[in-house]
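**Student:** Have a look at the structure that comes next, please.
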Amino acid sequence: MGEEITVRTLEPGKLVAATHNKGKVSELRDLFEPLGFIVVSALDLDLDEPEETESTFAGNALLKARAAVEATGAPALSDDSGLAVTALGGAPGIYSARWAGEPRDFYRAMEKVEAELKDIGAVDRSAKFVCALAVAWPDGSEAVFEGEVHGQLVWPPRGDRGFGYDPMFVADGETITFGEMDPARKHAMSHRAAAVAKLKAALLS
Numbered sequence: 020m021g022e023e024i025t026v027r028t029l030e031p032g033k034l035v036a037a038t039h040n041k042g043k044v045s046e047l048r049d050l051f052e053p054l055g056f057i058v059v060s061a062l063d064l065d066l067d068e069p070e071e072t073e074s075t076f077a078g079n080a081l082l083k084a085r086a087a088v089e090a091t092g093a094p095a096l097s098d099d100s101g102l103a104v105t106a107l108g109g110a111p112g113i114y115s116a117r118w119a120g121e122p123r124d125f126y127r128a129m130e131k132v133e134a135e136l137k138d139i140g141a142v143d144r145s146a147k148f149v150c151a152l153a154v155a156w157p158d159g160s161e162a163v164f165e166g167e168v169h170g171q172l173v174w175p176p177r178g179d180r181g182f183g184y185d186p187m188f189v190a191d192g193e194t195i196t197f198g199e200m201d202p203a204r205k206h207a208m209s210h211r212a213a214a215v216a217k218l219k220a221a222l223l224s
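The sequence shown begins at 20 in the numbering used here and counts up one residue at a time.
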């Protein structure tokens, strides 16, 4: 998927999670703290949230990781992820969070997805979650890893676990939504888990 790979290793210790999304921070802590990392979020550090001006998940992830490194002088990990709906041409895609507006209301965002599918009379309800994880170091080294999970959209939303569009997404081979699923089970199959697995294989000694 066009990952940019560095020969550096990522040493356990302080790792800045360059996100203000509490759901993402929680998942990143669940995935990285067992590996010996101390995950501190941009929210914890009161860092500014850079404007996402790139046209891809990988581009926006790198932009956020670089900003966090510049602000803290510590290695930073950034996640840019979202929902890509086949019948909507990949929307909301990189605009997934922005569809939720301010303050973030993902139920409203899910309603918007469903309304647009109905407007075009879509029969195809396939979709995928995409995650790009970017790591940046103070010396300028950086790497990007991407993961995906494919599934179908359901309506009405089900479950109050997870975050974002999880309550309307059923992964292929499953019968419950990510919003209904035990977090550990979701972490084992999610787009974020796939990206983390690639990162671990490439960067962890």
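Just so you know, even glycine gets a beta-carbon here, dropped at the ideal spot from N, CA and C.
Would you decide whether Ile113 is buried or exposed? Buried here means 16 or more other CB atoms lie within 10 Å of its CB.
**Tutor:** Result: buried.
**Student:** For Lys33, which residues does DSSP report across the bridge?
**Tutor:** In DSSP, Lys33 forms a bridge with Ile57.
**Student:** Gly170: which of Ala128, Lys147, Glu68 and Leu222 sits nearest, CA to CA?
**Tutor:** Closest option to Gly170, Cα to Cα, is Lys147.
**Student:** So for Glu165, helix, strand or coil by DSSP?
**Tutor:** Strand at Glu165.
**Student:** Would the beta-carbon of Asp49 fall within 8 Å of that of Pro186?
**Tutor:** For Asp49 and Pro186, no; Cβs fall outside 8 Å.
**Student:** From which residue to which residue does the alpha helix (DSSP H) around Gly42 run?
**Tutor:** Note, Gly42: alpha helix (DSSP H), Lys41 to Phe51.
**Student:** Alpha carbon to alpha carbon, how far is Asp98 from Ser60? Give it in angstroms, no decimals.
**Tutor:** Computed Cα separation, rounded: 12 Å.
**Student:** Using only the alpha-carbon positions, how far apart do Ala141 and Ala103 sit?
**Tutor:** If I take the Cα positions, the gap works out to 15 Å.
**Student:** Assign Phe197 to one of three DSSP states: helix, strand, or coil.
**Tutor:** Coil, per DSSP.
**Student:** Assuming Val132 contacts Thr91 (C-beta within less than 8 Å), just tell me the rounded distance between them.
**Tutor:** The pair is not a contact, with the Cβ atoms about 35 Å apart (cut-off 8 Å).
**Student:** To the nearest angstrom, how far is it from the Cα of Ile57 to the Cα of Phe51?
**Tutor:** The straight-line gap from Cα to Cα measures roughly 8 Å.
**Student:** Buried or exposed for Glu121, going by 16 or more other Cβ atoms inside 10 Å?
**Tutor:** That one is exposed.
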